[in-house]
Amino acid sequence: MNISPELQDYLKTQNPEGTDLPAPRLSSQQLEQVAGVLDQRYSGKGNIKVADPDFFTGDSKKLPSFIRQINFVFEAQKEKFTSDRLKVIFAASYLRGSAAKWL
1 MNISPELQDY
11 LKTQNPEGTD
21 LPAPRLSSQQ
31 LEQVAGVLDQ
41 RYSGKGNIKV
51 ADPDFFTGDS
61 KKLPSFIRQI
71 NFVFEAQKEK
81 FTSDRLKVIF
91 AASYLRGSAA
101 KWL
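So for the sequence shown, UniProt numbering puts the first residue at 1; every next one is plus one.
This is the structure we're talking about:
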């Protein structure tokens with residue numbers, strides 16, 4: 001399990017013996033602080049930089065890769081893609097050639 005450096009530092013302050021295990025009992029306030037760190041780290045609200053997806057030209061062999069790349073962007077920038085409509089518009093902007101004919 002990967003633990004963020006921020007959480008590791010926090011846990012060390014709670015467990016001064018220096019072990020990698022968290023203190024056996026945390027107060028509700030401490031749990032809220034840990035939850036806040038995790039929420040900021042994994043909520044998609046951070047500045048996660050992902051590569052722009054490749055353009056999709058209609059080659060069926062490249063479709064799974066295109067979908068995966070698009071989903072990376074959606075996951076990394078959740079605050080921008082709050083509806084399916086916005087996701088479709090973004091994905092459609094990366095269609096070219098025969099894949100874009102239906103637009």
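Note that CB positions come from ideal geometry on N, CA and C, so glycine has one too.
Grab me the residues of Ala99's own chain with a C-beta within less than 8 Å of its C-beta, minus the 5 sequence neighbours each way, in chain order.
Contacts found: Phe56, Thr57 and Gly58.
Taking only three categories from DSSP, how would you classify Gly72?
Inspection of the sequence shows that residue 72 is occupied by Phe rather than by Gly. Helix, per DSSP.
Would you mind giving the Cβ-Cβ distance between Pro53 and Phe74, rounded to the nearest angstrom? I have them listed as a contact below 8 Å.
With 8 Å as the limit, Pro53 and Phe74 do not qualify as a contact, their Cβ atoms being about 10 Å apart.
Could you give the distance in angstroms between the alpha-carbon of Ala92 and the alpha-carbon of Lys78?
18 Å
Do you know whose CA, among Ser28, Ala35 and Ser27, lies nearest Glu6's CA?
Ala35
What would DSSP say about Phe55, mapped onto helix, strand or coil?
coil
For Arg96, which residues from the same chain have a beta carbon less than 6 Å from its beta carbon, with the 5 sequence-adjacent residues on both sides left out?
Phe55 and Thr57
What distance in whole Å lies between the Cβ atoms of Phe81 and Phe72, which are believed to be in contact at a cut-off of 8 Å?
Beta-carbon to beta-carbon, Phe72 and Phe81 are separated by about 12 Å, too far to satisfy the 8 Å threshold.
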